[in-house]
Amino acid sequence: MATWRVASSSHPAVLLNNGKMSLDQKFNLQFDILTERRLQAARLATGFQEHSLCICRLDKLSRNEDIQDKVVAADWDLVVVDEAHKMSATYFGSEIKYTKRFKLGRKTL
């Protein structure tokens with residue numbers, strides 16, 4: 065069986081543990097919850113390279129450009145975003161307002 069590298073992001077933070085338990089129970093997949101402490105303690109450059117299956121907070125990723133760069137550098141096979149509709153841009157007249165979440169989504173394409 066091939067090894068897949070999958071990142072899942074969740075919003076709000078309370079859903080991280082629920083998501084981890086659901087993935088374990090329903091699909092027998094053991095995801096790691098990546099906290100800032102875990103990323104700082106990582107041995108490899110990005111921190112995300114040490115975890116093939118991980119769950120992160122969407123807001124944590126969208127607010128920290130250093131962590132965003134690490135996410136992008138990790139070369140994921142699949143990225144799943146819970147509450148992805150919260151990554152949308154908004155229009156004000158003829159002007160588009162790009163949120164931090166939207167910009168994160170663009171970086172991971």
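For what it's worth, my numbering labels the leading residue of the sequence shown as 65, then goes sequentially.
Beta carbons are placed, not taken as given, at the ideal position from N, Cα and C, and that holds for glycine.
As the structure is a computational prediction, the values presented were derived from the model and not from experiment.
Any idea what DSSP makes of residue i, helix, strand or coil?
i: S152; result: coil
i: V78; result: coil
i: S158; result: coil
Work out the CA separation of residue j and residue i for me, nearest whole Å.
i: L80; j: L122; result: 10 angstroms
i: M65; j: F156; result: Bear in mind that a pLDDT of 40 at M65, under 50, signals an unreliable position, so the number given afterwards is only what the model happens to contain. For M65 and F156, the distance between alpha carbons rounds to 49 angstroms.
i: V144; j: L117; result: 11 angstroms
i: F95; j: Q89; result: 11 angstroms
i: K124; j: Q104; result: 14 angstroms
i: G111; j: I160; result: 33 angstroms
i: W140; j: K134; result: 11 angstroms
Could you tell me the boundaries of the beta strand (DSSP E) in which residue i lies?
i: L117; result: 117–121
i: L142; result: 142–145
Terminal residues of the continuous alpha helix (DSSP H) containing residue i?
i: A137; result: 129–137
i: G169; result: 164–171
i: E100; result: 100–104
Report the CB separation of residue i from residue j in whole angstroms; it is logged as a contact under 8 angstroms.
i: K171; j: Q132; result: 6 angstroms
Measure from the alpha carbon of residue i to the alpha carbon of each residue in the options, then state which is nearest.
i: T99; options: I160, L168, K161, N128; result: N128
i: G169; options: M151, M85, I160; result: M151
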